[in-house]
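Numbering (my numbering), first residue to last: 1 to 504. Every residue, glycine too, gets a C-beta built ideally from N, C-alpha and C.
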């Protein structure tokens, strides 16, 4: 059983259960680290590190902006890494995964208490760059290892199941550590960081061992005649032109709108939720950990439900149902708070259930559809640009996420939030409630609106792949039905496809 070869013909090498498992396990890093950071880093900075809310948000903003700038560059380099000696030996994607393994302990040093603003900024930036170095090449591997709709859907499902499992651990683990170390111990977060850093390294190692990429000959065959590996200067000049050309693919634009609607709504919710439970619902850190842990358990179940609905009906329909459930959960949470319910009351589990069902599906659907974006791009350009799409996804995600979190923390500070205080003013609590409600639901409505125009599903993807194979064979002629489908997905007239357009 050969598992370490960098290249194998796509569609001819069978994908075994351990390949799915190794691929999915890497989202312990992808989603697990983000679950921890989104739930705990702001409260850690403001409670144990002496930072104001806006300072904590500023660290988040600066780190994510720098990461967003670096991410497309990493994606571009990985697209062209196959022409280098290291790329030929380890793979153009897998080289980055291998190189990131010894750097992943950078996650643990973020959680040392009693340091200053610049320490927390530097350690957060370092981890974000290591994260991008590993995650962006990883996000291309499902498209590299699988070709058909069902195989890619299995990759996405496995990934999100691991993501939700790691999020469950990220929710419950702080509560367990708090019980062991005491509720006021900052060591809770340091030990959590160390344990997760070890898990990250193990997962990245398994991914490297049990993954592969498209063969170099297949990648070379998709290049225009006479095309050479770009110089550093020409690569940098071409970088943003090539990357932002992905916005000219209609399915990707709509996919990105759904992705941001589902994820930014969660960014706003996550940034405010921990503070809301502690100060508005009179909860402890242990209560927050319990609520988050069980919410992630529900999200795990929701992924399996969403994977069924997305295949049997459509990703857009599953998305709309998920967004509605999440919005109802937020409304229920605020209604119960207004009625005097606290974190220990049984009714609090109603919004946790509704929000968890929606959030789990919203996490799954964009990554399930993302695996097909390079296919839509291929019929437009005649090229494979998985790295470019991964880079753009990360770039836009990080920029918008940083703005959302900084916006929430700035509004909190403006609304009277006092860092380190055991009790907050009524004004500060009402500000948290407004952010949680209006911010989360407003972004969800945007995502729902975009989803009504998204037409990619199992049937339309089959048509897309059929037309790509036909164009590769040099055949002409297309049925009116197939023409309408590929034009809707691509956003281009059929006569302009397969490289006959400015995008290519």
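Secondary structure note for residue 131: its alpha helix (DSSP H) is the uninterrupted segment 117-145. Counting the other CB atoms within 10 Å of its CB gives residue 97 a total of 16 or more, which places it among the buried residues. Taking C-beta atoms as the reference points, residue 147 and residue 371 fail to come closer than 7 angstroms.
In this structure, residue 254 lies away from residue 400, with their beta-carbon atoms at least 7 angstroms apart.
Taking 7 angstroms as the cut-off, the beta carbon of residue 296 is found closer than this to the beta carbon of residue 171. Residue pairing by DSSP places residue 487 in no beta bridge whatsoever. For a cut-off of 8 angstroms, the C-beta gap from residue 452 to residue 316 is around 7 angstroms, short enough to register as a contact. The DSSP-derived three-state label of residue 52 is coil.
Per the C-alpha coordinates, the member of 33, 304, 394, 423 positioned closest to residue 169 is 33.
For the pair residue 187 and residue 195, the CB atoms are not nearer than the 7 angstroms cut-off. Contact between residue 330 and residue 440 holds, since their C-beta atoms are separated by about 5 angstroms, short of 8 angstroms.
Boundaries of the alpha helix (DSSP H) around residue 369: 349-370.
Taking residue 206 as reference, the option from 23, 395, 460 with the minimal CA-CA separation is 23. Here the alpha carbon of residue 354 sits roughly 29 angstroms from the alpha carbon of residue 193. Sixteen is the threshold: since fewer than 16 other Cβ atoms of the shown chains lie within 10 Å of the Cβ of residue 347, the residue is exposed. A Cβ-Cβ distance of about 21 angstroms is found for the pair residue 144 and residue 467, leaving them out of contact under the 8 angstroms criterion. Using a Cβ distance threshold of 7 angstroms, residue 390 and residue 75 count as a contacting pair. Secondary structure at residue 64: helix, using DSSP grouped into helix, strand and coil. When C-beta atoms of the segment 456-467 are compared with those of the segment 259-273, fewer than three pairs fall below 8 angstroms, so the two segments do not count as touching. The alpha-carbon separation between residue 160 and residue 499 amounts to approximately 34 angstroms. Between the alpha carbons of residue 27 and residue 163 lies a gap of roughly 5 angstroms. Taking residue 107 as the centre and dropping the five residues before and after it, the same chain places the C-beta of 33, 127, 193, 196, 197, 200 closer than 7 angstroms to its C-beta, in chain order. Look at the segment 150-217 and you find these whole runs of alpha helix (DSSP H), each 4 residues long or longer: 187-209. Closest option to residue 63, judged by alpha-carbon separation, among 13, 124, 102, 84: 124. Separation of the CB atoms of residue 362 and residue 323 is rounded to 7 angstroms, and the pair is thereby assigned contact status at 8 angstroms. Taken atom to atom, the span from the alpha-carbon of residue 57 to that of residue 77 is near 30 angstroms.
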